[in-house]
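Residues are numbered in the working numbering as their position in the sequence shown, beginning at 1, plus a constant of 558. For reference, the structure is listed below as structure tokens.
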Amino acid sequence: MKLTKSRQAATIFYVFFSIVFVVLGFWQINRGNEKTEIIEAFELQQAGQAIEFSSDSQKWERVYISGELDDKRIIYLDNVIHKGILGFKVLAPVFIEDNKIILVDFGWIKQPQSRDQVSIVSISDNKNVSVSGVLESPEMGLILSEDIFTNSWPKISQSKSITALESLFEEEIIKFILLSDYRPDTNFVYLKPVVANMPPVKHYGYAGQWFAMFIALSIMYLYFLRKSSNE
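Structure below.
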């Protein structure tokens with residue numbers, strides 16, 4: 559009787575965790591496939607010509623805009639590391655239509671030794687600019703300070719989220735950030751957009767780990783059954 563109860567408990571344990579491991583394994587495979595599709599769609603879009611931005615434009619779409627640059631209200635996105643060097647992403651609003659603005663990410667610059675030395679950088683010699691790039695819609699992300707923004711312009715921001723940044727402007731703001739293409743006429747460093755926070759291969763690796771745990775559990779379960787049968 560005692561042995562039968564042990565086998566029943568072991569079977570319940572095995573079935574439960576087998577289901578968990580297998581489900582998690584296939585879930586990781588699906589996540590990997592989704593990331594692969596997103597990356598392939600993104601790369602396909604980047605291979606084409608930029609189209610004019612409109613209200614129908616979508617995230618990761620390659621577009622171009624023309625408008626008036628407001629270089630007095632620059633935002634520095636804090637804690638952006640490039641090749642081991644701490645720096646800022648430089649964001650500035652561009653008026654495009656009906657007093658609406660879109661924030662443009664012009665690229666990366668090295669952070670000065672002291673935040674007191676932060677000043678307005680030169681983005682363009684002309685107020686009227688044409689910019690092509692990729693539309694992104696960043697999430698809030700990790701906030702390292704209770705204060706998201708510094709008090710005066712140019713602002714230093716802890717977040718690139720439109721939800722946070724739109725509070726800085728009275729004008730209506732487009733719900734995307736335009737990540738500018740590389741511009742050889744500026745000193746900004748172009749940083750390639752991160753389409754997927756985890757590459758597909760990692761998801762497939764995690765799937766392999768879950769399936770390996772299922773196999774290991776199955777071996778232990780079969781060993782237990784064989785051992786208990788001999789007793």
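Where is the CB? At the ideal position from N, CA and C, for every residue including glycine.
From the options, pick the residue whose C-alpha is nearest to that of residue i; which is it?
i, options, result
"residue 659", "696, 649, 604", "649"
"residue 598", "619, 580, 585, 582", "619"
"residue 575", "781, 776, 586", "776"
"residue 550", "728, 721, 662", "For the chain, the structure presents residues 559 to 789; residue 550 sits outside this window and is missing."
"residue 695", "570, 594, 616", "616"
"residue 762", "566, 591, 562", "591"
"residue 578", "632, 671, 768, 682", "768"
"residue 742", "780, 603, 682, 686", "682"
"residue 608", "738, 573, 784", "738"
"residue 613", "685, 601, 656", "656"
"residue 680", "564, 746, 605", "746"
"residue 686", "709, 652, 779, 705", "652"
"residue 621", "637, 569, 688", "688"
Which same chain residues, not among the five before or five after residue i, have their C-beta less than 8 Å away from its C-beta?
i, result
"residue 654", "611, 623, 624, 625, 660, 732"
"residue 606", "620"
Contact criterion: CB-CB distance below 7 Å. Does residue i meet it with respect to chain C?
i, result
"residue 607", "Going by chain labels, chain C is absent from the structure shown, which holds only one protein chain."
For residue i, collect the residues of the same chain with a Cβ closer than 6 Å to its Cβ; drop the 5 residues on either side in sequence, then sort them by chain order.
i, result
"residue 755", "none"
"residue 707", "713, 715"
"residue 583", "765, 768, 769"
"residue 600", "618, 753"
Might you give, ordered along the chain, the residues of its own chain that have their beta carbon closer than 7 Å to the beta carbon of residue i, omitting 5 neighbours on each side?
i, result
"residue 580", "772"
"residue 594", "758"
"residue 635", "646, 647, 649, 715, 718"
"residue 676", "634, 670, 712, 714"
"residue 596", "753, 754"
What is the C-beta distance between residue i and residue j, in whole angstroms, given that I count them as a contact (C-beta under 8 Å)?
i, j, result
"residue 664", "residue 721", "At roughly 21 Å, the Cβ-Cβ gap does not stay under 8 Å, so residue 664 and residue 721 are not in contact."
"residue 587", "residue 765", "5 Å"
"residue 678", "residue 632", "6 Å"
"residue 640", "residue 749", "6 Å"
"residue 567", "residue 779", "Actually they are not in contact, since the Cβ atoms of residue 567 and residue 779 sit about 12 Å apart, beyond 8 Å."
Next on the checklist: Restricting to runs no shorter than 4 residues, where is the alpha helix (DSSP H) found entirely within the region 698-747?
Outcome noted: 720-723
Item to check | Secondary structure, beta strand (DSSP E): runs of 3+ residues fully inside the region 608-659 | outcome: 620-627, 633-640, 643-655
Checklist entry - Does the pairing of the region 703-717 with the region 680-693 give three or more beta-carbon distances under 8 Å? => result The answer is no - the region 680-693 does not touch the region 703-717, with fewer than three Cβ pairs under 8 Å.
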